[in-house]
Structures are given as structure tokens and as C-alpha cells.
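Numbering (the working numbering), first residue to last: 74 to 558. Ideal placement from N, C-alpha and C gives every residue a C-beta, glycine not left out.
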């Protein structure tokens with residue numbers, strides 16, 4: 074029958090007392106492992122037996138007494154006790170180290186001497202490794218003797234006050250005589266006594282700027298340089314260049330500066346970027362106070378691009394700074410008294426074509442033929458063609474001369490066919506022939522665009538019968554119809 078005494082109940086009673094005592098202590102930022110210190114650690118935990126021992130996993134209690142040779146290395150002695158019970162009473166004995174009926178409970182007391190190495194001794198959190206040798210006493214005994222035990226484990230201490238820490242570790246307790254591995258986990262409270270505290274050196278001010286190194290955000294400041302409360306050289310205009318290096322103090326806020334603290338002048342025109350209204354000026358170009366290339370004649374084209382300097386005020390110019398000459402007659406628009414001169418026509422200094430004196434009888438004859446009545450032009454085409462033969466150029470010249478004599482005259486060149494071919498074909502042919510005549514007249518005699526329109530009537534307006542050869546010949550015609558007003 075199992076004893077009412079329980080290791081678990083002991084731990085449950087001890088744990089609140091230990092934890093309360095820990096958390097009532099004041100925290101300390103100076104907590105660390107100290108060389109020469111002595112540590113006392115009461116602890117509780119849980120032991121996991123190897124299955125072949127046939128013992129139930131049970132709680133354990135114990136205590137450690139340790140000494141730290143340095144803040145990294147230490148030694149400690151451990152005592153621990155646990156009580157367990159046979160797990161399967163029906164199991165037959167099979168090998169040494171196994172507990173079976175009639176045994177009911179087993180008491181185990183273990184002593185060990187261990188070495189400890191702390192990885193981060195100066196930290197509040199101290200992880201460590203531990204290992205050592207000891208003796209385990211089983212009651213009843215295994216093989217009627219005490220067992221040799223080697224242990225190895227990992228753990229950590231967390232300092233909650235200068236002399237108090239929480240400690241947790243996990244160990245493998247290897248019973249050498251029976252090759253048994255039992256794993257234990259423990260949680261305890263470390264109480265440390267004595268030890269050498271590190272002597273706190275007087276705070277340094279390596280660069281002698283009046284600000285201690287531990288708060289100096291700009292170490293290594295040159296001697297004699299004025300600094301702020303953070304130990305950084307003063308930068309009065311906040312341009313990122315310290316006053317002692319700044320060759321251009323009092324730079325306006327927000328202005329980008331070079332390594333000397335001077336505002337940038339990216340295009341090197343002598344006007345800093347923050348004032349330059351024309352960034353990217355080509356090298357060598359003379360600029361005004363705003364950094365813009367000079368435009369002496371105010372025509373909108375900078376002097377270095379202006380191919381026509383000295384343009385009068387108000388005159389419109391092209392991209393080269395030259396006055397516009399819309400009709401390309403060599404006389405700029407602002408001086409041209411005859412705008413719209415046809416291409417190729419020679420003009421005088423005022424942009425006007427020379428006046429041609431036409432005899433009155435010539436002009437009257439032209440008016441009689443072409444003004445306000447249809448005039449059939451003496452021109453014929455090859456079958457289904459629109460080409461104008463040279464022998465008809467003189468006839469078309471009469472139309473060109475007429476349009477020259479009467480510059481305000483406008484009208485229509487119309488094309489007509491006989492009914493020999495299909496209607497659609499005749500319509501298209503009449504249009505193309507009218508257009509061919511108009512193009513020749515306009516191009517040859519520099520007739521302004523819009524003065525002559527064209528239209529094709531196909532076979533719709535015959536002037537004679539299409540049943541006879543002579544009639545069809547009359548119907549194949551080009552007619553000029555102008556208004557001379």
C-alpha cells in the first residue's frame with residue numbers, strides 16, 4: 074500500500090514560500106555572477122526514470138551549495154531526495170536495476186559534486202552547462218550497493234535581485250553500474266553571498282569635449298570644437314555640416330549643401346541651386362541673377378541660341394530667334410506688306426511681287442473669255458488618260474495669265490465625258506481630268522490655294538448628241554467658270 078506521504082505535496086508547500094520571498098526582493102541592474110561568491114540553492118523538480126527500472130516518475134527536492142572561482146567557472150555540491158513506487162507490480166524480474174513485487178516503494182538519495190560554466194556571467198540572464206560525478210543510494214538497494222552516477226546538463230540563472238536568482242536546469246543522471254539514464258528537471262532559487270564586485274571605473278571623456286563617453290554620441294571630436302549636450306559639434310544653420318567645417322555659415326533652412334556647407338550650384342553658372350530658376354544651364358553661358366541665360370532682345374530665345382539677335386520688341390520669332398516669314402519670300406512677317414505670296418514668286422523689299430503692267434486690251438480680252446461665263450478649254454486627252462500634253466500648255470497659260478490679271482477671281486474647273494464607257498467610270502475620269510488641269514495651273518502660275526475648285530460631271534451634262542462622233546467629241550471637254558468680282 075502506497076504511503077500517504079507525497080513528495081509532490083512537499084514541493085507544492087515549499088514553492089509558494091520560495092517564490093514569494095524572491096518576488097518581494099528589489100530588482101537590481103547590477104546582478105551578475107561574481108568571482109569568489111558562495112551560492113545556496115534550494116530546489117524542487119521532477120524525475121523521469123528509464124522505463125526498464127519499472128519506477129513511476131516522481132517529484133524530487135534538494136539543495137545545492139556552490140562556489141564560483143571566477144565569474145565563469147564554479148563548483149557545487151548537490152543533495153537531492155525522491156520517493157518513487159513500483160510501476161508494474163506484475164512485471165517479472167528480468168535484469169539488474171529493475172524493481173518488481175514484492176517491493177512497493179523506493180527511496181532514492183543522491184549526492185554529487187559538479188563543475189559549472191557560465192556563458193554570459195555579466196548578464197542578468199546566465200545560461201550555463203554543468204556536469205559531475207556522484208553517488209545514488211536506493212532503498213531497497215540495487216545489488217546491495219550504492220550506485221555511481223555521472224550527470225550532465227544545461228541550465229540558466231535569471232537574477233531578480235543583486236543576490237537572488239531563479240534557476241532552472243535539465244540533467245541526465247547516468248547510473249554507471251546498470252547503464253541507466255534518468256532525466257531530471259529542477260527549478261530553484263539561488264541565494265548568493267560575497268564575491269568581488271567589479272570596480273566601476275570613473276566615466277571617461279576621451280575627446281575632452283565635456284561630455285562623458287557613455288553618453289557621447291559623437292566620440293572623437295577634435296580638440297577645441299564646441300559641442301552640444303550630446304557631444305556633437307555645433308551646426309548652427311542645421312545644414313548637416315558642423316560649424317567648424319562650414320565655409321558658408323547661416324545657410325537657409327532646407328537648402329542642400331556640399332561637403333563644405335555651401336549651397337550646391339549644379340550647373341556651375343554662379344547662381345546656387347536654391348535660387349536658380351533655370352537649372353541645367355550649359356557650361357559657359359552667361360546668366361542673369363536668377364540663373365537664366367540672357368535674352369538681350371527679349372524675344373524668348375536665349376542669346377546663346379539666338380541666330381537673329383536684336384529682334385525688335387514684340388516681333389514673333391521661330392526657335393532660332395529669327396522673325397517669322399510665313400510665306401517664305403525672304404521678307405519677315407512684320408515687314409511683309411504682301412503676306413501670302415505664292416512660293417517662288419520674286420518680291421521686293423516689302424514682300425510684294427513686282428507690279429506687271431498689262432495692256433488694257435489684253436486684260437479686256439481675258440475678262441471677256443473667262444469672267445462670269447463658262448469657257449471651254451481647247452485641250453484633249455488620250456483615251457482614259459489624265460496627262461496634259463505639251464501642246465496644250467499655251468491654252469492653260471491663258472487661264473494662268475487671267476488669274477494673274479484678276480487676283481481676286483475665283484472659280485471652278487470642271488471635267489465632262491461622253492457616254493461611251495460606264496457611268497461610274499466616266500464620273501471618276503471627269504474628276505481626275507479636272508484635278509489634273511487645276512494642279513498644272515496652280516503649280517505653274519503660283520495660284521493661291523482655294524482660288525480654284527474642281528468638279529467632275531461625268532456624262533451628265535452633254536452639250537451635243539453622244540450618237541455621233543462629232544457630238545461625243547464636244548462632250549469630252551474641260552470647262553473654266555470664274556467670277557471676276
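Spatial neighbours of residue 160 in its own chain (CB-CB distance under 7 Å, excluding positions within 5 residues in sequence) are listed in chain order as 127, 128 and 129.
Nearest to residue 262 by C-alpha distance, out of 251, 289, 121 and 232, is 232. With respect to the C-alpha of residue 162, the residue from 178, 151 and 156 having the closest C-alpha is 178.
Between the alpha carbons of residue 219 and residue 252 lies a gap of roughly 14 Å.
In this structure, the CA atom of residue 329 is about 41 Å from the CA atom of residue 396.
Taking a C-beta distance under 8 Å as the contact criterion, residue 485 and residue 528 qualify as a contact pair.
Across the set 387, 402, 490 and 185, the C-alpha of 185 shows the shortest separation from the C-alpha of residue 139. Ranked by how close their Cα comes to the Cα of residue 249, the residues 221, 460 and 470 have 221 in first place. Spanning the alpha carbons of residue 260 and residue 133 requires a straight line of approximately 10 Å. Taking the CA atoms as reference points, residue 182 sits about 52 Å from residue 276. Within the segment 240–327, the runs of beta strand (DSSP E) at least 3 residues long that lie entirely inside it are, in chain order, 253–269.
With respect to the 8 Å criterion, residue 417 and residue 404 are not classified as neighbours on the basis of their beta carbons.
Its chain contains 413 and 415 as the residues whose beta carbon lies nearer than 7 Å to that of residue 521, once the 5 sequence neighbours on both sides are disregarded; these appear in chain order. In the DSSP assignment, residue 552 falls outside any alpha helix (DSSP H) and lies within the beta strand (DSSP E) extending over 550–556. Taking residue 153 as the centre and dropping the five residues before and after it, the same chain places the C-beta of 133, 135 and 183 closer than 6 Å to its C-beta, in chain order. For residue 435, the closest C-alpha among the options 393, 137, 478 and 239 is that of 478. Look at residue 484 here: in three-state DSSP terms it is strand. Here residue 325 really is in contact with residue 347; their C-beta atoms are around 7 Å apart, less than 8 Å.
In the DSSP annotation of this structure, the continuous segment of the beta strand (DSSP E) that includes residue 120 starts and ends at 108–121. Only buried fits residue 211, as 16 or more other CB atoms lie within 10 angstroms of its CB.
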